[in-house]
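Numbering (the UniProt record's numbering), first residue to last: 1 to 318.
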C-alpha cells in the first residue's frame, strides 16, 4: 500500500471517448414548417462546442458515469477544497459558499451569464466563471481579499479538474459509501489497516501539539469540543466533506487545518472585527449582555459564544 494517496483517488474518472455513433434522423422526411431544414454556421459551431453528454464543470464525463459517482466525486472535491483553502487561511464563509456553488453548478451545461462583478477570472470568462464571480461578489470583504480568493479557487479547480479528467478508468462501487473513510478502510488488508491506524495516531498527536501551541495547553480540549459540536450540527451532506482521507491516509479530522476551520466557523471568526474600534464596540456589547441575568445564563451555556468572547479579548490584549 502506498502511503501517498491523493484524496480524490477513489473518485477518479476516465477521459470521455469522442467516438460516439452518429444518430439517424427520427424521420426520413422531417416537417420543416416551410423553412429549409439547415443549421446556420453559427448554430453548428455552437452545437459543436457543447459536450454531448454529462459534464463536470463544462468538461465531458465518460459514458456510463452514474449520478452516485458524480455525487461521491463532488463530496470529495468539497472536502479537499475545504482542507486546502482552509489551510491557506481563507474565511469559512467564502469556502462554504463555494462548496455550495460547486454542488449546485458542477454538472449544469455551460450557458451565458450576465457579468455582475469586476474580478479577474484569469481567462475563465465563460458562463460558469462569471456565475462564480457573481456569487463571490455578494460575499462580504474587501475587493482585494475576494480577488485573492477567486484567483486561488480558479487555480485549484483547474488543477484538480485536469487531474480528474486525465485518469484512465471509472471506479465501480463496492458496498455502501465506498469513498467514505469507513468504506475505504473496509477495503484494506489487516496489515494496511493497522498501518493507517498508526499513521492517524501520529497525525493526531502532531495536531494536538499544534493546537496547544496556538490556543494554549488548557484550551485544546475546548477548541476540539467546539469544532466537533459544530460538525455534528451541520447537514449530513456537509458532514460528508469531512469524512475523507487527505494525503498520506491521514483522516481530515486529524489535521490541524480541519479543526481550525471548524472552530473558526463555529465562533464566526471571519466576521470578528480586526480594528480597535470594532473590537471595543463588540466587547461593550458583550459586557452589556452579561449584565442581564437571562442573557448571562444563555452565555454560560453557549461554548461558541464564550470562545468568541475570549478571541475578542485576545485580539484586544495582543
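Idealized CB from N, CA, C, for every residue including glycine.
query	result
Start-end ranges of the alpha helix (DSSP H) lying completely within the stretch 250 to 303, minimum 4 residues	256 to 267, 276 to 290 and 293 to 300
Reference residue 117, options 103, 257, 147 and 97, closest by Cα	147
Residue 296 burial status per 10 Å Cβ neighbour count (16 or more: buried)	exposed
Residue from 103, 125 and 66 whose Cα sits closest to the Cα of residue 75	103
Start-end ranges of the alpha helix (DSSP H) lying completely within the stretch 84 to 160, minimum 4 residues	92 to 105 and 127 to 137
Near the ligand GDP: residue 130 beta-carbon under 7 Å from a heavy atom	Of ligands this structure carries none, so the ligand GDP is not represented either.
Simplified DSSP assignment, three categories, for residue 40	Low confidence applies to residue 40: its pLDDT is 47, below 50, so where it sits in the model is not reliable enough to give any reading.
Residue of 317, 316, 196 and 289 minimising C-alpha distance to residue 305	289
Anticipated Cβ contact below 8 Å, residue 141 with residue 119, distance rounded	Actually they do not touch by this definition, with Cβ atoms about 12 Å apart.
Host alpha helix (DSSP H) of residue 211 (start-end)	190 to 215
Cβ pair count under 8 Å reaching 3, the stretch 258 to 273 against the stretch 87 to 98	yes
Buried or exposed (CB count within 10 angstroms, at least 16 for buried), residue 189	exposed
Residues near residue 122 by beta carbon distance below 6 Å, same chain, minus five either side	154
Residues of its chain near residue 220, where Cβ-Cβ distance is below 7 Å and the 5 sequence neighbours each way are ignored	208, 211 and 212
8 Å Cβ cutoff met for residue 78 and residue 99	yes
Close-in-space but distant-in-sequence residues of the same chain around residue 101 (CB under 8 Å, 5 per side omitted)	131, 132 and 135
CB of residue 199 within 8 Å of CB of residue 223, strictly	no
Alpha helix (DSSP H) segment containing residue 320, residue limits	Look at the range of the chain in this structure, 1 to 318, and you will see that residue 320 is not part of it.
Sequence-distant residues of the same chain with beta carbon closer than 6 Å to residue 264, five excluded per side	92
Cβ distance (whole Å) where residue 326 is taken to contact residue 261 below 8 Å	Since the displayed the chain opens at 1 and closes at 318, residue 326 lies outside it and no answer follows.
Helix, strand or coil at residue 81 [DSSP, three-state]	helix
C-alpha distance - residue 109 paired with residue 280, whole-angstrom precision	49 Å
Cβ neighbours of residue 113 in the same chain (closer than 6 Å, five flanking residues each side left out)	127, 130 and 131
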